[in-house]
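The structure appears below as structure tokens.
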Amino acid sequence: MSHIIVLVACLCAERTERDGWGMSRVSQAEARANRQRVVEAASRLFREKGVENVSIVDVMQSVGLTQGGFYKQFSSKEALVDEATAHALTERMKQLTALDEEHGGHEAAWSWLVDDYLSAHHRDDPGDGCPAVGFVADFARELRPRETYAAGVRDMADWVAPGEAGLVALATLVGAVLLARATAGTPVSDEIMKAVRHSEALALPVG
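Per my numbering, the sequence shown starts with residue 2, numbered consecutively.
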């Protein structure tokens, strides 16, 4: 079982049996569904705009809910950040695991991922992009707990390749996309993605 899935299970366990949004008005099932919508929306918005640039009001309004119900479900914005990060990383790992089957093996899956990762659509759509890139600045700048993010990064690197090779390849991709986004709209952005696509750092170890 991956590190991030264990963390998600712990997060969910801490919140079970809580009352949802105004239980006199909605059922527990509806409250859980609303809560999941908030987590998913926060995950997208945080990656797109950065945690500090997204307020609780922004998140709640994006799913058609009021701010008043937030604290019935989450203890703080930081609690939402942690759960939104865990959700994004868990979904990413599901996607990566499925790639091996979809492409008939890991080598073909990795080749497809590199092309997709270093593409214009991934560069230009951070909200639905890789969470390793989308959350990196928030965890680098702010003194917030990093265990959830670190566990997800480790799981992703382990999927790429065992040991240092996986970490090097993942770090190369993440750094390339960060630079490509920072230079978007200039020729340098496309040059970065093209150059990294053929980097030896992305070659899987033989054997």
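Even glycine gets a Cβ: it sits at the ideal position worked out from N, Cα and C.
Residue 88 and residue 41 have their C-alpha atoms some 7 Å from each other. Within the same chain, 124, 125 come within 8 Å of residue 185 by CB-CB distance, once the 5 residues on both sides are set aside. In this structure, residue 154 sits away from residue 180, with a CB-CB distance that is not shorter than 9 Å.
The beta carbon of residue 79 is closer than 7 Å to those of 145 in its chain, skipping five residues each way along the sequence. Looking from the CA of residue 92, the closest CA among 49, 44, 195 belongs to 44. With contact defined as three or more Cβ pairs closer than 8 Å, the stretch 102 to 122 and the stretch 196 to 203 are in contact. Listed in chain order, the beta strand (DSSP E) runs fully inside the stretch 20 to 62 amount to none, counting runs of at least 3 residues. With a cutoff of 9 Å on beta-carbon distance, residue 135 and residue 47 are scored as near each other. Boundaries of the alpha helix (DSSP H) around residue 97: 78 to 103.
In the structure shown, residue 169 falls within a helical segment according to DSSP collapsed to helix, strand and coil. For the pair residue 52 and residue 139, the CB atoms are nearer than the 9 Å cut-off. When DSSP assignments are scanned along the stretch 130 to 186, the uninterrupted stretches of alpha helix (DSSP H) that are 4 or more residues long and fall wholly within it turn out to be 132 to 135, 137 to 142, 148 to 161, 164 to 183. Within the model, the alpha-carbon separation for residue 110 versus residue 28 is close to 42 Å. Per DSSP, reduced to three states, the secondary structure at residue 204 is coil, with no helix or strand assignment. Put simply, the backbone Cα of residue 54 is about 19 Å away from that of residue 67. Taking C-beta separations shorter than 6 Å and ignoring five residues to either side along the sequence, the partners of residue 86 in its chain run 136, 149, 150, following chain order.
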